[in-house]
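First comes the structure, then the notes that go with it.
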Amino acid sequence: MKTLVEIYDDEMILNIVTSLNKKPEKTIFLYETRQRGMIHNKILHQYLTHEIEYVEYDEDHLYDIILQIDEEDMAYDIHGGNHLAIATIAQLAAEKNRLLYYPNFKQRKMQILCDGVLQNESMFVPKLSVKDIVGLYGAAVRDLPEAKYDDDGRKVIERIMRVKRKNNSKWANFTKLMAMLKKRYETAPAWYIERNEYKRYKDVFDGIQGIFYIDEASHEKIRLELVNPDYEILVVDTGVAFEYETYYQMLDSKWFDDVDIRVNIDWNGEPFNREDPNSELDVMATKDGRLYSISCKSGKYDQQSIYEVKANAVKFGGEHSISVLCTDINHEHAELVEKARELDVLLLEAKDMREGRLVERIKNWVRESD
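For the sequence shown, the numbering used here assigns the number 8 to the initial residue and increments by one for each residue that follows.
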């Protein structure tokens with residue numbers, strides 16, 4: 008094929024797949040005025056290295072525009088655009104006896120219509136990273152350092168989760184106390200906790216052995232020194248350990264193409280400052296060009312949590328993205344379960360997470376929804 012004419016799709020991954028599969032010498036993207044800010048996407052051009060041209064259209068003149076660029080050995084992709092645009096191109100393709108391509112993303116099939124006959128071919132979808140998919144949808148992932156724990160660190164996370172689940176309310180108060188100590192002692196090599204406070208949380212300290220060197224020699228205050236600076240975030244933020252448990256379940260499955268944790272979104276293309284919009288997603292992953300956005304709630308959640316995880320998945324990964332809300336408590340409100348089902352959000356509860364069934368549930372969800 009010499010030239011592929013394609014209606015520019017709001018579902019950005021679909022602007023890549025037909026050209027990658029059919030390998031034209033040139034692709035002409037037809038885009039609407041409202042899409043001006045979406046074209047010339049850097050990630051798209053990393054995958055499509057052949058000649059690319061962009062042509063703006065409106066519905067009143069689309070037929071004439073296509074006539075002007077029509078040539079031999081040309082085909083059309085009609086996934087994207089509104090019904091009138093699709094009908095216009097389909098009419099012209101029939102008149103000129105041109106192939107029509109429709110990439111069916113969910114079924115991984117390239118549907119081809121010619122002379123009234125529909126054929127289906129297997130469709131290749133590139134294995135994009137989290138950064139690539141977020142980039143396709145107009146943002147970027149800030150390259151912020153996140154702890155990647157070794158075996159000892161992962162054992163610490165497991166201990167924390169056992170202690171947390173044994174008494175959620177005590178863990179929340181414990182992390183608030185640790186956050187206060189962090190703020191009080193800032194960059195000091197050790198924190199000091201009142202003996203009575205230490206005794207109140209003695210069972211927690213016993214349960215999370217390996218995080219602190221603990222010196223009880225003083226009669227007034229107990230000296231706490233972190234074994235590893237990377238452990239600090241696990242004890243000063245109530246939900247971070249749960250986020251890492253979720254992350255490692257997904258990473259260990261080796262099913263995803265890419266997995267990232269605490270993904271900080273850059274909307275401005277500049278070094279981060281406090282005035283920037285701060286969109287941070289707990290865990291994100293990719294599989295076969297599809298984004299999986301996972302929100303982790305270690306305590307109570309509400310309807311807003313369900314709306315947020317759905318909105319973020321679509322914003323950064325399009326309509327084909329998968330939204331998952333992982334909770335570390337059992338579902339107590341039937342209306343929230345129903346709202347998640349209504350919004351097509353997979354809701355996982357404490358039992359699924361404790362038993363390591365996160366990825367299994369995601370696989371089943373995708374299989375049933377597709």
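A virtual CB, placed ideally from N, CA and C, is assigned to each residue, including glycine.
query, result
"Among Glu345, Glu356, Ser260, Trp274, which one has its Cα closest to the Cα of Ser302?", "Glu356"
"Would you report the Cα separation of Met185 and Ala224, rounded to the nearest angstrom?", "20 Å"
"Keeping to the same chain, check which residues put their C-beta closer than 6 Å to that of Glu128; ignore five residues upstream and five downstream.", "Met117"
"Nearest to Val148 by alpha carbon, out of Ala318, Val266, Ser328, Glu18?", "Val266"
"What is the DSSP secondary structure of Thr25, counted as helix, strand or coil?", "helix"
"Okay, do the segment 106-114 and the segment 73-87 touch, 3+ Cβ pairs below 8 Å being the bar?", "yes"
"Between the beta-carbon of Val290 and the beta-carbon of Tyr254, is there less than 9 Å?", "yes"
"Identify every run of the alpha helix (DSSP H) within the segment 145-219, keeping only runs that are complete inside it and at least 4 residues long; order them along the chain.", "158-173, 175-192, 202-207, 209-214"
"I need the straight-line Cα distance from His52 to Leu143, nearest angstrom please.", "10 Å"
"Please report the residue range of the beta strand (DSSP E) in which Leu233 lies.", "228-233"
"Using C-beta distances below 7 Å, list every residue in its chain close to Glu326, excluding the 5 sequence neighbours before and after it, in chain order.", "Glu18"
"May I ask you to verify whether the segment 226-237 touches the segment 194-208, counting CB pairs closer than 8 Å and requiring at least 3?", "yes"
"For Leu353, which beta-bridge partners are listed by DSSP?", "Val331"
"In chain order, what are the residue ranges of uninterrupted alpha helix (DSSP H) at least 4 long that sit wholly in the segment 57-116?", "69-76, 90-103"
"Using the C-alpha atoms, what's the distance from Arg348 back to Leu241?", "32 Å"
"Is the segment 33-53 touching the segment 155-165 in the sense that three or more CB pairs, one from each, lie closer than 8 Å?", "no"
"Can you pull the DSSP bridge partners for Gln118?", "Tyr109, Asn127"
"For the beta strand (DSSP E) that contains Ser260, what are its first and last residues?", "From DSSP, Ser260 is part of no beta strand (DSSP E) but of the alpha helix (DSSP H) over 247-260."
"For Phe36, which of helix, strand or coil comes out of DSSP?", "strand"
"Rounded to whole angstroms, what's the CA-CA distance from Val243 to Ser330? Just pull it up for me.", "27 Å"
"Excluding the 5 residues preceding and the 5 following Leu120 in the sequence, name in chain order all residues of the same chain whose CB lies nearer than 6 Å to its CB.", "Leu107"
"Cutting at 7 Å between CB atoms, please list the residues of its own chain near Leu69, excluding the five before and the five after it.", "Ala92, Thr95"
"For a quick check, are the C-beta atoms of Leu21 and Phe131 less than 9 Å apart?", "no"
"In this structure, how does DSSP classify Val366 when only helix, strand and coil are distinguished?", "helix"
"Is DSSP giving Val290 helix, strand or coil here?", "strand"
"Using only the alpha-carbon positions, how far apart do Ile73 and Phe263 sit?", "40 Å"
"Using the C-alpha atoms, what's the distance from Leu343 back to Gln310?", "6 Å"
"Nearest to Glu13 by alpha carbon, out of Ile23, Phe36, Ser26?", "Phe36"
"Which whole-angstrom value is the C-beta distance of Lys103 and Glu60, which I expect to be below 8 Å?", "Not confirmed; about 19 Å, so no contact."
"In whole angstroms, what is the alpha-carbon distance linking Tyr220 and Asn180?", "21 Å"
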